[in-house]
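Residue numbers (the numbering used here): -17 to 145.
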């Protein structure tokens, strides 16, 4: 059994499971305080059923799409698979290195450097990636530092250079 068939079966099982969870959770009583309806015991299972249903549909549809691809498209996708692996590995390494970089050079510079690197790797022009990452870093600074008054980590190197 290939991966496509397994994905389709998994998706169908998730959809069926979500239907059962939704039906069962609808038997739970409503929760009301002083006449106001509040999320009660059926809220979490209903949300879970909705999420399961979404993932089930996703897996089923992607499995069907993969089945309909012809062999030429599969071959062209295999050529790009090494690039995809490199992108995934770099993304994982960025997540792993995020905290040490924040401790070393601070949050703002880390967002700019790692964001620009990831976007450049994903074929965004380098100057645009620097602009987008800088805008993101500025927005994060404005929201957390100025609006919510939450101090952002400045990093060991930056604190040594500033003092």
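Where a beta carbon is used, it is the ideal one built from N, C-alpha and C, also for glycine.
Fair warning: this is a prediction, and the values are worked out from it, not measured in the lab.
If you measure between the beta carbons of residue i and residue j, is that distance less than 9 Å?
i: residue 45; j: residue -14; result: yes
i: residue 43; j: residue -7; result: yes
i: residue 111; j: residue 100; result: yes
i: residue 4; j: residue 35; result: yes
By Cβ distance, which residues of its chain are closer than 7 Å to residue i, with the 5 residues on each side in sequence left out?
i: residue 109; result: none
i: residue 88; result: 135, 136, 137, 140
i: residue 17; result: none
i: residue 86; result: 137, 138, 139
Throw me the rounded Cβ distance for the residue i and residue j pair, which I believe falls under 8 Å.
i: residue 37; j: residue -1; result: Contact doesn't hold; Cβ gap of about 10 Å is too wide.
i: residue 116; j: residue 95; result: That belief does not hold up - the Cβ atoms of residue 116 and residue 95 are roughly 11 Å apart, past 8 Å.
i: residue 41; j: residue 90; result: No, residue 41 and residue 90 are not in contact; Cβ-Cβ is about 39 Å, not under 8 Å.
Name the residue from the options whose alpha carbon lies nearest to the alpha carbon of residue i.
i: residue 92; options: 143, 120, 125; result: 120
i: residue 31; options: 51, 2, 80; result: 2
i: residue -11; options: 105, 49, 106, 81; result: 49
i: residue 28; options: -16, 144, 82, 6; result: 6
Near residue i, which residues of its chain fall below 8 Å by C-beta distance, leaving aside the five closest residues on each side in sequence?
i: residue 132; result: 126
i: residue 39; result: -7, -3
i: residue 130; result: none
i: residue 106; result: 114
i: residue 76; result: 96, 99, 100
Strictly under 9 Å for the Cβ-Cβ distance: is residue i near chain C by that measure?
i: residue 85; result: No chain C appears in the structure shown, which is made up of a single protein chain.
Less than 6 Å between C-beta atoms, sequence neighbours within five positions excluded: which residues of the same chain meet that for residue i?
i: residue 13; result: 20, 22
Inter-stretch contact (C-beta, 8 Å, three-pair minimum) for the region 65 to 75 and the region 10 to 27: Result no; under three Cβ-Cβ pairs closer than 8 Å.
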